[in-house]
Structure formats: C-alpha cells, structure tokens
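Residue numbers (the UniProt record's numbering): 1 to 308. Report on the structure given below.
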C-alpha cells in the first residue's frame, strides 16, 4: 500500500502461490513416478508372463506403506513450513518506508520494539543461483534487502524470489522511485488488481496466452499436465485466503512516526546520493542501461586501482 507519506512492503500473492504450487508438485511428482513405474512394470510383466497389468501395477501404490509414509512426512514438512510462513506474515507488520522522514520501520518479531533505519543505510542486492531440476538447470534470482540496525550492527535480510534479473531489479526500482520521487513515480497496474500475479484471473490469462502462443498439443502437455499436478488454481485460492487474513497492526510508536510532516520538516537526500543519482541519469540519457552504468563504473574503479 502506497500513500504520500509511506509505503508498506510485504510478500505478494505470487510468492505464496508459487510456494504452494511447488509443494503440491513435489508430492504429486513422487506419487506419479511410482504410478508410472508400476504401469511400466505391469506392461513388461504382461508381455513376458501374461500377467494382468493392474495386478502388477497396483501394489506399487497400494498397499505401499513406505511410499505413503514418506509422502505423509513430506507433506507434513511442507505444511509446517507453509503455516510457519503464514503465521509470520500475519503476526508481523509489513516493512514501512517513510519518504518524508527518509526512514524505514520494521518489526523483527512480534512483541519486539520497532527499529527505524535511515533510508540511505538500506542494502539492496540481487542474488543468483543455478538449480538442477528434472527439466534441466534453471537460474533463480532474488532481491535481497538488508536493514542495518545502527544500534547493534545487526542486519535483517528480506529475500524476495524473482523469475528474472530484470524483475528483481524492478522490485527495488519501484521502492527507490517512491522514496525519491513519490507515489506519482509508481506505475499503475495495466490490468487492474484482479490480474495480479498469483490470482486465479492471472492464472487463466496465462493459460489462454499459452494456448494462443504454442498450440493445442504443446498446451496439453506443456501447460495442462504440469499445472494439473501442481494444483491447478488451488494454490491461487490458498494465496488469496492468506492475503485476506487479518494482519497485526503497527505499534503506536510507528503509527505516530507515520503521520505526515510539514513540508519544511521533510528530510533531504544527502549530497552524495544526489551526485550518484545524477551520474545514473547521465548514463541513462546516453542510452545505457542501469546494468551497463554500474558495469562501466566498476571498470573505471578497477582501472584507477591498477594505475595506483
């Protein structure tokens, strides 16, 4: 939620929906693997010994107590992590960015006093990792925001998964633009809030788009089959339910801190930040991307270091 004074930042429906979808797909893929193994073995037994296929295939699932014990333990573990995340999400207020005071408020744990961090002390970076899956290797990205407590030096990290490097950077750019330029710098959703990633409406929009782009055959095996075993729209409904749950309110100290200030009391950006921002704008006017700007900056620093 963004206002003229502050912006509240928290996990979106997309993060919850993706987590539930991954959990569901993991459990379903294990069951399907045993089922297909049983069918394959049954077909082989049928041609070799003329044994009915189902007579061989069914014992792979029923009564396979080891399989169902493992699946139950896996589902219980996923359920524990999920409800732990839901509890943390509903019992901890979101992170609040106050653009007038140029500070950030966060509550590390329920019952703890809020911590106020200067905006220019916030750390932002993007992590990248390569993960091996059954479909090959995939690169994963995440926006990491670090909140440095100047009183004890501790850093609280907030990690936000993203599908691409550009999306991770865009998340941070939205926060930065709000803090430096105000609510007018935030782009309004082109398709409304109903089409937010992680909702049922967004899921069906992607489904229709996949069908138009790839045709019926690839749609059946590349979308329907995968999404069916990952829960179809059930993860969207679960994410929507979590989003509607009542959230813990901010402490009174943060509510008072969030009140608007007279214009003359607004905190101004530091001279160093103004100079760095102007350098970025010059690079953008030259047609460079933000990545090219910082890459060139690192090369200049390395060259200067080598010369000295």
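Glycine residues also receive a C-beta, built at the ideal position from the N, C-alpha and C atoms.
Pull up the distance between the alpha-carbon of residue 139 and that of residue 18, whole angstroms please. 16 Å
Mapping DSSP to helix, strand and coil, what is residue 161? Reduced to three states, the DSSP call for residue 161 is strand.
Which value, in whole angstroms, describes the spacing of the CA atoms of residue 295 and residue 94? 33 Å
Range of the contiguous beta strand (DSSP E) that encloses residue 118: Counting along the chain, the unbroken beta strand (DSSP E) around residue 118 starts and ends at 115-118.
Grouping DSSP H, G and I as helix and E and B as strand, with all else coil, what is residue 72? helix
Would you mind sorting residue 220 into buried or exposed? The rule is 16 or more other CB atoms within 10 Å of its CB. exposed
Distance check for residue 64 and residue 27, CA to CA, integer angstroms please. 15 Å
Assuming residue 258 and residue 92 make a contact with CB atoms under 8 Å, what is their CB distance in whole Å? That pair is no contact at about 17 Å.
Taking DSSP's pairing of strands, which residues face residue 98 in a bridge? 6 and 103
Within 10 Å of its beta-carbon, does residue 84 have 16 or more other beta-carbons around it, so buried, or fewer, so exposed? The residue is exposed, with fewer than 16 neighbouring Cβ atoms inside 10 Å.
Going by CA-CA distance only, name the one from 218, 236 and 99 that's closest to residue 203. 236
Which class does residue 133 belong to by DSSP, given the choice of helix, strand or coil? Residue confidence for residue 133 is low, a pLDDT of 49 falling below 50, so the modelled location carries little weight; the figure read from the coordinates is stated next. Residue 133 falls in the strand class under three-state DSSP.
If you measure between the beta carbons of residue 309 and residue 186, is that distance less than 7 Å? Residue numbering for the chain in the displayed model covers 1 to 308; residue 309 lies beyond these limits and cannot be assessed.
I need the straight-line Cα distance from residue 33 to residue 52, nearest angstrom please. 20 Å
In whole angstroms, give me the CA-to-CA distance for residue 198 and residue 22. 13 Å
Rounded to a whole number of angstroms, what is the C-alpha to C-alpha distance between residue 16 and residue 246? 16 Å
Taking its Cβ as the centre, do 16 or more other Cβ atoms sit within 10 Å of residue 135, making it buried, or is it exposed? Reliability of the predicted coordinates at residue 135 is poor, the pLDDT of 44 falling under 50, and the value obtained from them is presented with this limitation in mind. It counts as exposed.
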